[in-house]
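Take a look at the structure set out below.
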Amino acid sequence: MEGIPYNVPYLAVAALIGIAFYIFLSQRNLIKLVMGLSILASGVNLFLITLGYREAGVAPIYTHAPAGVMVLPVPQALTLTSIVIAVACLALMLSMVIHIYRHTGSTDSEKSRIMKG
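In this text, residue positions in the sequence shown follow this note's numbering: the first is 7, and each later residue adds one.
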């Protein structure tokens, strides 16, 4: 990230989260809502990685730590965990959308309300 201003990753995070909220507020299609949630998870993951970044940092995988600043390992571990959870939730949500489509014949979120009870 040589020559990149410090706020560019944060602007990318804000753009991803803004796009996700726009999708949540403007779309009624369930598949598009699932895509918006996936974009939101990507924005959160980018935010976690951006928080852990250190300029000229080295990876903390050495037994004998070299001199210098090390990158924080906790945000990386949280991001890996978040990716696994996001994939599992995405698979569950898409299977629910398929189930709703089979019963209602549509992926419109308003038509899925007839499945109550």
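From the three backbone atoms N, C-alpha and C, an ideal C-beta is built for every residue, glycine too.
CB contact flag (residue i, residue j, <8 Å)
{"i": "Ile121", "j": "Val40", "result": "The sequence given here places Met at residue 121; Ile does not occur at that position. No, these two residues do not count as a Cβ contact at 8 Å."}
{"i": "Pro81", "j": "Ile55", "result": "yes"}
{"i": "Arg60", "j": "Val50", "result": "no"}
Residues bridged to residue i [DSSP beta-bridge criterion]
{"i": "Met76", "result": "Val64"}
Residue i to residue j span [Cα, whole Å]
{"i": "Ser48", "j": "Leu22", "result": "8 Å"}
{"i": "His70", "j": "Ser115", "result": "55 Å"}
{"i": "Val77", "j": "Ile91", "result": "23 Å"}
{"i": "Lys38", "j": "Val103", "result": "11 Å"}
{"i": "Asn13", "j": "His109", "result": "47 Å"}
{"i": "Leu57", "j": "Gly111", "result": "44 Å"}
Beta-carbon separation (whole angstroms), residue i vs residue j, contact threshold 8 Å
{"i": "Ala18", "j": "Ile45", "result": "At roughly 12 Å, the Cβ-Cβ gap does not stay under 8 Å, so Ala18 and Ile45 are not in contact."}
{"i": "Ser88", "j": "Leu36", "result": "Wrong, their Cβ atoms sit about 23 Å apart, outside the cutoff."}
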